[in-house]
Amino acid sequence: MDPIIIDHPGLALAGYSIATGKRDDDNLRQIPAFWNDYSVKLRQPLLDALQRPHAPEYGVVCDFEPSSERFRYLIGMECPDERALPDGCERRRIAPAKYAVFSTQPAAPADFGQAIVQTWQHIYQHWLPASAKWEHAAGETFERYDGRCAPGQEMLQMDIYIPVRAKAL
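Numbering of the sequence shown is given in full-length UniProt numbering, commencing with residue 1 and proceeding in unit increments.
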């Protein structure tokens, strides 16, 4: 599972976030629960505010603190203007950067969460340590959920964006 390397232009997002962390695998429980809550209560008001019937969604790791392994996880959509947003909604800007983009293996809806976890594990346990050319760079890591994982799809797929920089030779 090799990534493609791109120069990403950056994003202006609007969405909702939670505090979570990697200790005791809190993120593996809290983020899926947050997605469920978001899909039931928060997605439609955000779409209405953005005046869209649907839009790609992003899951963004923000404000990562290495010492505590705590971070904020934002679920949102692109919002390049200053329109009014629902209560509790926040804005985030992802700066332009070079990214390694990994696509999950296509998976049935019941197996999609596991496919996402396996892709994250592959990135951090295998690809980054083995890469002779690239290393993790500062910046937000994010997931992009587009039409490949829209309701009604038999097989689901999404992309994970990891900020990278060339290793010094």
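Every residue, glycine too, gets a C-beta built ideally from N, C-alpha and C.
All values reported here derive from a predicted model rather than from experimental measurement.
At the level of alpha carbons, what is the spacing between residue i and residue j?
i	j	result
R43	Q114	23 Å
A166	D2	16 Å
W35	A168	38 Å
Check the C-beta distance from residue i over to residue j and give it rounded, since I have them as a contact under 8 Å.
i	j	result
A97	A137	7 Å
L13	V60	7 Å
I75	Y38	5 Å
With DSSP collapsed to three states, give me the class of residue i.
i	result
C149	helix
K133	coil
T141	strand
A10	It should be pointed out that residue 10 corresponds to Gly in this sequence rather than to Ala. Coil, per DSSP.
T104	coil
Name the two residues that bound the continuous alpha helix (DSSP H) containing residue i.
i	result
I31	D26 to D37
W127	Taken as a continuous stretch (DSSP letters only), W127 belongs to no alpha helix (DSSP H), as it is neither H nor E.
D48	R43 to L50
Tell me the residue span of the beta strand (DSSP E) that contains residue i.
i	result
V164	D159 to A166
D63	E57 to E65
With a threshold of 7 Å (Cβ to nearest heavy atom), would residue i be considered close to the ligand FAD?
i	result
A55	What this structure holds is no ligand at all, so the ligand FAD is not there to describe.
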